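Visitor: Let me begin by handing over the structure; questions about it come next.
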Amino acid sequence: MKLLNLFRPTNFTRALFFLTGDVCISIFTLFLAYLLRFNFEVPSEYLSNFFEIAFIFIFSKITFYYIFKLYFVSWRFFSLKELKSLLIATTLAYLLGGGMLLVFRDIFIPFPRSVIIIDYFLTLLFIGFFRISKRLIYEKLSTNKTPAIIIGVNEKAISLLKQNIPYSIVEIYDDEKNIVGSYLYGYKVKNISNIIPHLKTAIITKEFPRNELDKLVEFLQNKGFEDIKIYNPFEKKVKDISIEDLLARKPKDLDKKAIKNFVQNKKILITGAGGSIGSEIARLCEKYGAEELVLVENSEFNLYAINEELKIKRKLYLIDVAKKEELRNVFETEKPDIVIHAAAFKHVPICEYNPRSAVINNVLGTKNTIDLSIEFNIKDFILISTDKAVRPTNIMGATKRICEIYAQNVDAKNTKICAVRFGNVLGSSGSVVPKFKKLIEENRPLPITHPEITRYFMLIPEACELVLQAGSLGENGEIFILDMGEPVKIVDLAKKMLKLYGKDENNIKFTGLRPGEKLYEELLINEADKKTKYEDIFIANPIKYNFELFKNQLNKLFKATKKEEIIKILKEIVPEFNHKN
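Here the sequence shown is numbered in the numbering used here, starting from 78 and rising by one per residue.
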């Protein structure tokens, strides 16, 4: 084992290996230069000082190769950048060596000066080939790699070509006219439209808008590519293209500076901290420099999971937000600067079958959290809301609409309260995408309630960043709406997923709308009358409510136990609630 360890590449062994190779090659190229200069019959007097001259040039090369860090580059990753460094370092070495020969020419006579020029080019040829040889062999002669094409000429493509990946790159494509026809790492860049379907794997390195990426994937699939991948440079990972990649909507004006100013050095309390939204907000608060997090969650496992991820200073509270006195103790002990309320029951069918639980958790839990934020003079309170609160047709949506009304009408005193409303987030627990993935892996048909049903989608990190950005805006009682882009037909989503997995895209069954389910979700009750400085965030019309009447209605709602009674009170508070069984 110890003997094997000696041959493992380290900075020292790599440098020693290249240095030894450079010395041997330099002696060889200098002697070859003499042979070429004298037509392979070198007079003996010219060889009398051969090793002294060789020493001058070897010393010069080693010096400049060391300065340019050429002894510390793994030869598998030797690239055009290192080749340029080799050219510059070698040129400087021969200028130095040649200069020394000229200054001390009396010592080195006889010496044919043309040998310097010949040796210079031979050195570039032989040492350059020596440096890149393993990479050429590794990339071109490897038989255990999957042949693939790259789509996109950019830094990500260069990064990918430098790595040891299980793919042998055969061709590179792009769609920009000024790039097509150029060369990248010896590959001639070809036009995407001219792809010849002779391979099965394509790796996309270029950023495309959602609709263009969708078209590109369909184009590649029609050309016979079965394995379509995307390269993520941050993870240094080539991964299968996912439905999230095809549906992801990039925010137009994400203001990271505003988010940082809002979050940095603050103590932030997050309810529902282990859920899909709450946990991502916790990660973002850590990323943007929060001082401390207070994580409130009623699921032990979820609280454990997010705690394991975070490095920031944090406190954990395993409590139910509907229990006000327990929650009061948290506020009294921690005194946070910001409260982000993400705790809620969100699954429509479950809330339909458990209406009292939905009311207590969603409405009473929100009321408790808002009331305590006001009581303890919390500077900022953010309520996470949903598009299902707009003209609700189910109990869950109605409860969230009541939360919005409370947030808009309560006497907030020193606390700025806002709600942020958005649609479905991709990949959240229990959402359609993970459910479809599981069914596809089990070769089961994908159930869709109606061929015309549509939903808005956004990636969880992007939605949560916009939540924090919205929190930095505005005045008390505002409801911010996130621009979710165009709604997506669920049947189209299902077909795309089936196609990505190489399955029959017609493996779908229609099951009929579930209780309380809408065909189309909305983000606005009426047109927004106010824009923000951000294109992705706008404000809904405020709804003014008789607050004394509202409080009486809430008291009745909290006491109600039967479903019919609960629905009746919900309709009193939210007249537009059109319950669909």
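All C-beta atoms in this analysis are idealised placements derived from N, C-alpha and C, irrespective of residue type, glycine included.
It should be emphasised that the depicted structure is a prediction, and the values quoted were computed from it without experimental measurement.
1) Kindly confirm or deny that the region 201–211 and the region 227–239 touch, where touching means at least three C-beta pairs closer than 8 Å.
2) Would you mind stating whether G98 and S137 have Cβ atoms separated by less than 7 Å?
3) The alpha helix (DSSP H) with S450 in it runs from where to where?
4) Roughly how many whole angstroms lie between the Cα atoms of G442 and K621?
5) Could you check where the beta strand (DSSP E) with F587 kicks off and where it finishes?
6) Roughly how many angstroms lie between the CA atoms of N520 and D464, to the nearest whole one?
7) Ignoring anything shorter than 4 residues, give me the alpha helix (DSSP H) runs that lie fully in the region 170–212, in order along the chain.
8) For the ligand FAD, is there any heavy atom lying closer than 6 Å to the beta carbon of I650?
9) Hey, I451 and K412 are a contact pair by Cβ (cut 8 Å); roughly how many whole angstroms apart?
10) Any idea which residues DSSP pairs M535 with across the strands?
11) Entirely within the region 390–443 and at least 4 residues each: give me those alpha helix (DSSP H) ranges in chain order.
12) Between the Cα of L647 and those of F624, K657, Q630, spot the shortest distance and give me the residue it belongs to.
13) Going along the chain, which residues of its own chain have a beta-carbon closer than 7 Å to the beta-carbon of C362, five neighbours each way excluded?
14) Let me know if H275 comes out buried or exposed under the rule of 16 or more other beta-carbons within 10 Å of its beta-carbon.
15) With a Cβ-Cβ cutoff of 7 Å, do E295 and K277 count as a contact?
16) Roughly how many angstroms separate the alpha carbons of K640 and K390, rounded to a whole number?
17) Identify the residues that DSSP records as bridge partners of E248: which are they?
18) Look up P524 in the DSSP assignment and give the residues it is bridged to.
19) Short of 7 Å in beta carbon distance, which residues of its chain neighbour T200, apart from the five on each side in sequence? Order them along the chain.
20) Mind checking which residues open and close the beta strand (DSSP E) that includes N623?
21) Since I455 and V497 should fall inside the 8 Å C-beta cutoff, what is the C-beta to C-beta distance between them, to a whole number of angstroms?
22) DSSP puts F458 in a beta bridge; with which residues?
23) Please report the distance separating the alpha-carbon of E563 from that of Y533.
24) With respect to the beta strand (DSSP E) encompassing K344, which residues constitute its N-terminal and C-terminal limits?
25) Give me the Cβ distance between L550 and E321, rounded to the nearest whole Å; I'm assuming they're in contact under 8 Å.
26) On a CA-only basis, which of K400, E598, A382, I195 is nearest L393? Give me that one, please.
27) Which ranges does the beta strand (DSSP E) cover as unbroken runs of at least 3 residues, wholly within the region 90–167, from first to last along the chain?
28) Report yes if the C-beta distance between G349 and A420 is below 7 Å; otherwise report no.
29) How many Å lie between E284 and K314 at the Cα?
30) Below 7 Å between beta carbons: does that hold for C428 and M473?
31) Thinking just about the alpha-carbon of each residue, which of R287, Y264, S434, N299 is nearest to the one in I273?
Guide: According to the structure shown:
1) no
2) no
3) Looking at the DSSP string, the run of the alpha helix (DSSP H) that includes S450 is 442–452.
4) Their backbone Cα atoms lie some 22 Å apart in a straight line.
5) 585–587
6) 32 Å
7) 182–185
8) In the structure on display, the ligand FAD does not appear, and there are no ligands present to speak of.
9) A Cβ-Cβ separation of about 14 Å leaves I451 out of contact with K412 under the 8 Å criterion.
10) V502
11) 401–411, 425–430, 432–435
12) Q630
13) V340, I345, L370
14) exposed
15) no
16) Distance between the alpha carbons of K640 and K390: 43 Å.
17) The partner list for E248 (beta bridge, DSSP) reads I226.
18) K586
19) S103, T106, T167
20) Taken as a continuous stretch (DSSP letters only), N623 belongs to no beta strand (DSSP E), as it is neither H nor E.
21) About 17 Å separates the two Cβ atoms, so there is no contact after all.
22) V416, I494
23) 7 Å
24) 344–348
25) Not really, about 27 Å apart at Cβ, beyond 8 Å.
26) A382
27) none
28) Going by C-beta atoms, G349 is nearer than 7 Å to A420.
29) 16 Å
30) Going by C-beta atoms, C428 is nearer than 7 Å to M473.
31) N299
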